Amino acid sequence: MQAAVEKMTMDMTRQIEEKLRYVLWTAGLEEETGAVRPAVYAEQEVQIYRMEERHRQGCPRIIVILGAEGCGRRTLMRKAAARLGEQLICADMEMLYQCCLENGTAVFRVLSVMVTEKRAMFCLIAGRKEDDEERWSELLYGLIKEGISCYVVTDRRIALPREGCYEQAEIRLWPPDITQRVMLWEYYLRQAKVSEEVKAPFLAGRYTLNAGAVERVVRSAGLYRDGEGRSLIEEQDIVKAVEMYQNESFSEFAVLVPAAYSWEDLIICADTRARLQELAGQVKYKSLVGGQWGFYEGKPYGRGISALFYGPSGTGKTMAAQIIAGELGLSLYRVDMSQMMSKYIGETQKNISSLFDKAKDMDIVLLFDEADAFFTKRTGVKDSHDRHSNGEIAHLLQRMEDYEGISILTTNLRDNMDEAFRRRIKMMIEFQLPDEQERRLLWQKALPAKAPSGDDVDLDFYARQFELSGSEIKETMLNAAFLAAAEGGAIADRHVKAAVKQCYLKYGKLMLPEELEGR
């Protein structure tokens, strides 16, 4: 009878071992070229080495390796294992959890024997689901109950077991600083065929990418090079690859806005232009003032730069954001607030956190266009809906304040903005409707030099007579051009008059008949 039980136990053990082969894998330094990356996290590697050396006996350990995707978490674990002369056994959290559901706690006993016999370090790779907290706790409790020490690789904080005897620690992998980014760019650029004009220090200063992102960008740049039939990667290939990488990360909540304008395209008053250039200067000299001059010392928060552009529609607020991003060499992403907001409690805050978590690892400009839809004055709490709505606004304000990048918000209704929001904004810049001189320039820019137009089109008259915004002037001239094209001739005064009438009707403006004959 005992022999039969032992045979059944051995058979079950073999079955579990067979299943674990599809769940576990052994990682070594020879597996990936990424393992010979520059030692970005040498200090953390030493931490792991010391923990393993001093705590081989006693309670099991749960050590969380916390960092963004692509920052080098697994590479760090491989290096630490190699330094200790041990194997590294890894498992996907979701797959191991399913294996335990199918085979029970015997999985932990078999796993304990495997880890002990191979003198290996055990590493659990986090799942991507937001609702994994309960699974984490169950899985980790089963591991420590069998005496298995575990490293957990994750990009977010996890729920640890409330029961059981174990030691715990967290090793945080912060985004690489400028010196480390230079090392990463130099390493990956050496692996590719790159033009001498592509400089690692410049790229490291322009893009705050981690190791995995730099590797992907250089590989993608190689594809752009090959597609153009060139032998060397140029800076333009790097720019395209970075934009593709960032767009992939932000596609859920934001869209890339091309920086298609320059300062010459923006017709605004001198005071507004000076304020915009001051904003650009704060970004340009942020490292000098905050770092070298010491203004950020002892100030872990509030390093970001936020601005509110307010004024009537069509006065150039969005164009100004594009120009600033273009001058700084940064990508501009317009946040889609409709995708951020959810009717389900807690989901909007999760979306906000996801947006800023992704943005913090990239040097970009976030544009909240028509932000008054979300940043309106908070209401008195009459029901649960009001309470959660106010909580969402507070959460967004806090994340904006913590964000070290650039946030630009635009609104037509400044007085509707929440007071707490105004306190957190560093710069508030007003955009006014253009005066007559500015309207004259706008009318001239709205009529391309190659467009056929009659001598009877008096742009000075339209600039003097009609108080239109910049976007309304562009729209009016475009409509006049289509009217002329439909008649098969040049743009005449009658076409512009008809287009002005359409504009006034569209926007509900009052026009007296004699206004069109007022010259």
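Under the working numbering, the residues of the sequence shown are numbered 5 to 523, in order.
Where is the CB? At the ideal position from N, CA and C, for every residue including glycine.
Since this is a predicted model, take the numbers as computed values, not measurements.
Item, Value
"By alpha-carbon positions, which one of TRP140, PRO179, GLU174, PRO180 ends up nearest to ARG166?", "TRP140"
"Within this structure, are the beta carbons of ASP340 and VAL259 separated by less than 8 Å?", "yes"
"Figure out for me which residue from ARG277, ILE69, GLY62 has the closest Cα to the Cα of GLN51.", "ILE69"
"Which residues does DSSP pair with ASP338 in a beta bridge?", "Sequence check: residue 338 is Arg here, not Asp. Note: ARG338 sits in a beta bridge opposite VAL259, LEU371."
"Kindly indicate the opening and closing residues of the beta strand (DSSP E) around VAL293.", "No beta strand (DSSP E) holds VAL293; DSSP gives it neither H nor E."
"Which of the three DSSP states, helix, strand or coil, is assigned to TYR53?", "helix"
"Using 10 angstroms around the beta-carbon of SER235, count the other beta-carbons present and answer buried if the total reaches 16, otherwise exposed.", "exposed"
"Tell whether a beta-carbon distance below 8 Å holds between LYS478 and ALA450.", "yes"
"Based on the DSSP output, what are the partners of ARG176 in its beta bridges?", "LEU70"
"Can you grab the Cα-Cα spacing for the pair CYS507 / TYR265, in whole Å?", "24 Å"
"Provide the residue span of the alpha helix (DSSP H) that contains THR414, from first to last.", "Premise fails: THR414 lies in the beta strand (DSSP E), 410 to 415, not in any alpha helix (DSSP H)."
"Can you tell which of THR158, LEU509, SER153 has its C-alpha closest to the C-alpha of GLU171?", "SER153"
"Nearest by alpha-carbon distance to LEU514: which of PHE257, GLU471, THR414 is it?", "GLU471"
"Below 8 Å between beta carbons: does that hold for GLU247 and GLU201?", "no"
"Leaving out five residues on either side along the sequence, give the residues of the same chain with a beta carbon under 6 Å from the beta carbon of ASP387.", "For ASP387, the predicted model reports a pLDDT of 49, less than 50, meaning its position is unreliable; a value from the coordinates is still stated below. Nothing meets the Cβ criterion."
"By DSSP, does VAL202 sit in helix, in strand, or in coil?", "coil"
"Which one of GLN436, LYS288, LYS354, ARG426 has the shortest CA to CA distance from ARG277?", "GLN436"
"May I have the straight-line CA-CA distance separating ARG54 from GLU331, to the nearest angstrom?", "47 Å"
"Can you tell me whether DSSP reads CYS507 as helix, strand or coil?", "helix"
"Within 10 angstroms of its Cβ, does ALA488 collect 16 or more other Cβ (buried), or is it exposed?", "buried"
"Which value, in whole angstroms, describes the spacing of the CA atoms of HIS499 and ALA484?", "5 Å"
"Taking the alpha helix (DSSP H) that MET431 belongs to, which residues open and close that run?", "MET431 -> not in any alpha helix (DSSP H); beta strand (DSSP E) instead, spanning 431 to 434."
"According to DSSP, which residues form a beta bridge with GLN91?", "ALA124"
"Please identify the residue among GLU137, GLU150, ALA85 whose C-alpha is closest to the C-alpha of GLY62.", "GLU150"
"In whole angstroms, give me the CA-to-CA distance for TYR191 and VAL243.", "18 Å"
"Just how far apart, CA to CA, sit VAL385 and SER342?", "Because the pLDDT at VAL385 is just 49, under 50, the model does not fix this residue reliably, and the point stays unresolved."
"If PHE126 sits next to TYR101, beta carbons under 8 Å apart, how far is it from one beta carbon to the other, in whole angstroms?", "That pair is no contact at about 15 Å."
"Which residue spans inside the region 447 to 508 form an unbroken alpha helix (DSSP H) run of at least 4?", "463 to 469, 474 to 491"
"Would you check if the region 213 to 228 and the region 81 to 95 touch, i.e. whether three or more CB-CB distances between them fall below 8 Å?", "no"
"Rounded to a whole number of angstroms, what is the C-alpha to C-alpha distance between TYR228 and GLN250?", "16 Å"
"Would you mind giving the Cβ-Cβ distance between VAL44 and GLY71, rounded to the nearest angstrom? I have them listed as a contact below 8 Å.", "Actually they are not in contact, since the Cβ atoms of VAL44 and GLY71 sit about 10 Å apart, beyond 8 Å."
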